[in-house]
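In terms of the working numbering, the sequence shown opens at residue 5 and continues consecutively. Each remark here refers to the structure printed beneath this line.
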Amino acid sequence: RLKAEAQALAPPPPKRARRVTESPQPPRRPPSPQDHDPPAPRRCEKRNASADTRALAEYLRVCGAQDPEKLASGWTFSYKTRMFGNTAGTGDRYFHPPDGGKQLRSMAEVARWHGLAAATSRGGPG
5 RLKAEAQALA
15 PPPPKRARRV
25 TESPQPPRRP
35 PSPQDHDPPA
45 PRRCEKRNAS
55 ADTRALAEYL
65 RVCGAQDPEK
75 LASGWTFSYK
85 TRMFGNTAGT
95 GDRYFHPPDG
105 GKQLRSMAEV
115 ARWHGLAAAT
125 SRGGPG
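As structure tokens, this is what we get:
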């Protein structure tokens, strides 16, 4: 009986430590400059520029242009594909004015560049 009481009051024996084994790691290569620089955006040249010009002329007509075909002529378009983020793979169209100035991002900006009120999806002037 005394032996049982002594065992109950004694601290439990220490647990055996588990041996940790490391899995073999492949050798690490030093980082290269390509690892940190994002790739350049791809440009899609498959688009039909005349269709873009017609669409721009139609938008300018909706915005109230007197001669939309003349205003739309001379504009060039470029396309870039997004490479990162949730919208990766989405393409963006950019509009370049005939005078070679700053690129614009939307038809509404082109209309404002010509001094017109941009059309809205609700049908009223924007």
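By construction, the Cβ of each residue, glycine as well, lies at the ideal position given by its N, Cα and C atoms.
Name, in chain order, the residues that DSSP records as bridge partners for residue 122. To locate residue 122, count along the sequence shown from 1; it is residue 118. The partner list for residue 122 (beta bridge, DSSP) is empty, contrary to what the question assumes.
Tell me the DSSP bridge mates of residue 96? Along the sequence shown, read from residue 1 onward, the residue named residue 96 stands at position 92. Beta-bridge pairing links residue 96 to 84.
Which residue or residues does DSSP assign as beta-bridge partners of residue 108? Taking the first residue of the sequence shown as 1, we reach residue 108 at position 104. Per DSSP, 99.
Cα-Cα separation, residue 75 to residue 62: In the sequence shown, residue 75 corresponds to position 71, counting from 1. In the sequence shown, residue 62 corresponds to position 58, counting from 1. Approximately 11 Å between the Cα atoms of the pair.
Taking 8 Å as the limit between beta carbons, can you name the residues of its chain near residue 184, skipping five residues before and five after? The requested residue 184 does not occur in the structure, where the chain is confined to residues 5 to 130.
Proximity below 9 Å, CB of residue 80 to CB of residue 53: In the sequence shown, residue 80 corresponds to position 76, counting from 1. In the sequence shown, residue 53 corresponds to position 49, counting from 1. Cβ distance < 9 Å, so residue 80 and residue 53 count as in contact.
Take the Cβ of residue 99 as the centre, count every other Cβ of all protein chains shown within 10 Å, and call the residue buried at 16 or more, exposed below. Locating residue 99 in the sequence shown gives position 95, counting from the first residue. When all chains shown are included, residue 99 counts as buried.
How long is the line joining the alpha carbons of residue 69 and residue 120, rounded to whole angstroms? Position 65 of the sequence shown, counting from 1, holds the residue named residue 69. Position 116 of the sequence shown, counting from 1, holds the residue named residue 120. Approximately 7 Å, taken between the alpha carbons.
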